[in-house]
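A.B. asks: Residues 1 to 249 (our numbering) make up the sequence shown, in order.
All C-beta atoms in this analysis are idealised placements derived from N, C-alpha and C, irrespective of residue type, glycine included.
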Amino acid sequence: MKNVTLIAALMSVVAAPVLAGSDRYVLPPGCKAFLTVQQKDCRVEHHWICSDDPEGSQWIMSMGQDGPEFLQQVDREFVWLKSYVPDSRESRTIKRPARDLNSLSRLLEAGADNYDFEVQVSVDGAETAVERVCGYDRLTGEKITIDGEPLLVIAYDYSEQSSVEDQPVKSSGKQYVSERYRSFFLGQGRDEVGGEVTEYDAAPVRFIEPGEAGFLSVKPQYGCSQIMSGLNLPRTENMIPNKETNDDI
């Protein structure tokens, strides 16, 4: 029953901006947003906290041109507690006890973090598979500023092996970490499944806080024209930051 209740709650959150008919994302009752991030790959994500959740946890919604694409809840260590993909009826929850969960604190203190844990995959509340995630995050020593926000650069490498699939998903690349927000942000990555490789650049362009123009906007701002036209243009085109510095775009 808990899984069914979870899915119903997540579906209501995903549908919120559509039901509201608004250009601003509408949060569930008892929740408060603290950050909107516009990314290079025609996506925008919103970060919020809810009063009934454990301290330090946050929700992150990723949205594309056609609406919500991915919703997840993470804790203070950025452990992937729950996630949901709209229109798929599929949800994921961390399995406990875990061998070795990822830890943001360990990464920041030691400069590297290895992890090995499992995720339960469910459809309509019924378990359909288990995915084992193994990999590492490592600080490169590089520090950059994007849209006025200081970030640490990490190199990452991990694999996901499903109990019902022969081929693992292998991912590697560069991401960014904000100590202030205790959050990871996508960067340049490479995914490989069965010999097929996909490369992407989803780095943040704008960090928008409450009271700033574009906060909780449901519309991605950057990279969308390239996706629509199919042209292989740099995703940095026509980017206009809203703060004073932008060192890595």
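Can you grab the Cα-Cα spacing for the pair K2 / E142, in whole Å?
C.D. replies: Position 2 of the sequence shown, counted from the start, is the residue given in the question as residue 2. Position 142 of the sequence shown, counted from the start, is the residue given in the question as residue 142. Residue placement at K2 cannot be trusted, given a pLDDT of 37 that sits under 50; what the coordinates show is reported in the next sentence. Taking the straight line joining both Cα atoms gives about 43 Å.
A.B. asks: Per DSSP, what are the beta-bridge partners of R24 in this structure?
C.D. replies: Within the sequence shown, numbered from 1, the residue matching residue 24 stands at position 24. DSSP output for R24 lists S217 as bridge partner(s).
A.B. asks: Since T140 sits in a beta bridge, which residues does DSSP pair it with?
C.D. replies: The residue labelled residue 140 in the question sits at position 140 within the sequence shown. Answer is none; T140 lacks a bridge partner.
A.B. asks: From S88, R24, Y136, V37, pick the residue whose C-alpha is nearest to that of L107; which is it?
C.D. replies: Translated into positions along the sequence shown, residue 107 becomes position 107. Among S88, R24, Y136, V37, the Cα nearest to that of L107 belongs to Y136.
A.B. asks: By Cβ distance below 7 Å, which residues in the same chain neighbour G64 in space, the five residues on each side in sequence not counted?
C.D. replies: Counting from 1 along the sequence shown, the entry for residue 64 is found at position 64. So the qualifying residues of the chain are C42, R43, P220.
A.B. asks: Taking the straight line between their C-alpha atoms, what separation do you get for E149 and L216?
C.D. replies: In the sequence shown, counting from the first residue as 1, residue 149 sits at position 149. In the sequence shown, counting from the first residue as 1, residue 216 sits at position 216. Cα-Cα distance, rounded: 18 Å.
A.B. asks: Taking 8 Å as the limit between beta carbons, can you name the residues of its chain near V218, skipping five residues before and five after?
C.D. replies: Stepping through the sequence shown from its first residue, residue 218 is reached at position 218. Excluding sequence neighbours, V218 sits near P17, S22, D23, R24, Y25, V44, M63, G67.
A.B. asks: In angstroms, rounded to a whole number, what distance separates the CA positions of A129 and E179?
C.D. replies: Along the sequence shown, one-based indexing puts residue 129 at 129. Along the sequence shown, one-based indexing puts residue 179 at 179. Spanning the two alpha carbons is a distance of roughly 34 Å.
A.B. asks: Using 8 Å as the Cβ pair cut-off and three pairs as the minimum, do the segment 182-191 and the segment 208-215 touch?
C.D. replies: The answer is no - the segment 208-215 does not touch the segment 182-191, with fewer than three Cβ pairs under 8 Å.
A.B. asks: Report the residue from Y115, D124, I146 whose alpha carbon sits nearest the alpha carbon of R132.
C.D. replies: Here residue 132 refers to the residue found at position 132 when the sequence shown is read from its first residue. When each option's Cα is compared against that of R132, the closest is Y115.
A.B. asks: Of the choices S51, L104, R92, S225, whose alpha-carbon is the least far from that of V123?
C.D. replies: To locate residue 123, count along the sequence shown from 1; it is residue 123. For the residues S51, L104, R92, S225, the minimum Cα distance to V123 belongs to R92.
A.B. asks: So what does V169 bridge to, in DSSP terms?
C.D. replies: Counting from 1 along the sequence shown, the entry for residue 169 is found at position 169. According to DSSP, V169 bridges with E160, V193.
A.B. asks: Assign R106 to one of three DSSP states: helix, strand, or coil.
C.D. replies: As a first step, residue 106 is located in the sequence shown; it is residue number 106 there, counting from the start. In this structure, R106 counts as helix in the three-state DSSP scheme.
A.B. asks: Going by alpha carbons, who is nearest to R76 out of D147, W59, A155, P86?
C.D. replies: Residue mapping note: residue 76 aligns to position 76 of the sequence shown, counting from 1. Comparing Cα positions, the closest option is W59.
A.B. asks: Given that a residue counts as buried once 16 or more other Cβ atoms are within 10 Å of its Cβ, and exposed if not, what is F34?
C.D. replies: Against the sequence shown, residue 34 aligns to sequence position 34. It counts as exposed.
A.B. asks: Indicate the three-state DSSP secondary structure (helix, strand or coil) for A8 in the structure shown.
C.D. replies: As a working mapping, residue 8 is identified with position 8 in the sequence shown. The pLDDT assigned to A8 is 48, lower than 50, so where the model puts this residue is not dependable, and the model offers no usable value.
A.B. asks: Here's a check: name, in chain order, each residue in its chain whose Cβ is nearer than 8 Å to the Cβ of L101, leaving out the five neighbours to either side.
C.D. replies: The residue given as residue 101 occupies position 101 in the sequence shown. Hits under 8 Å: E77, V79, I94, Y115, F117.
A.B. asks: Under a three-way DSSP split, which group does S225 fall into?
C.D. replies: To locate residue 225, count along the sequence shown from 1; it is residue 225. Reduced to three states, the DSSP call for S225 is helix.
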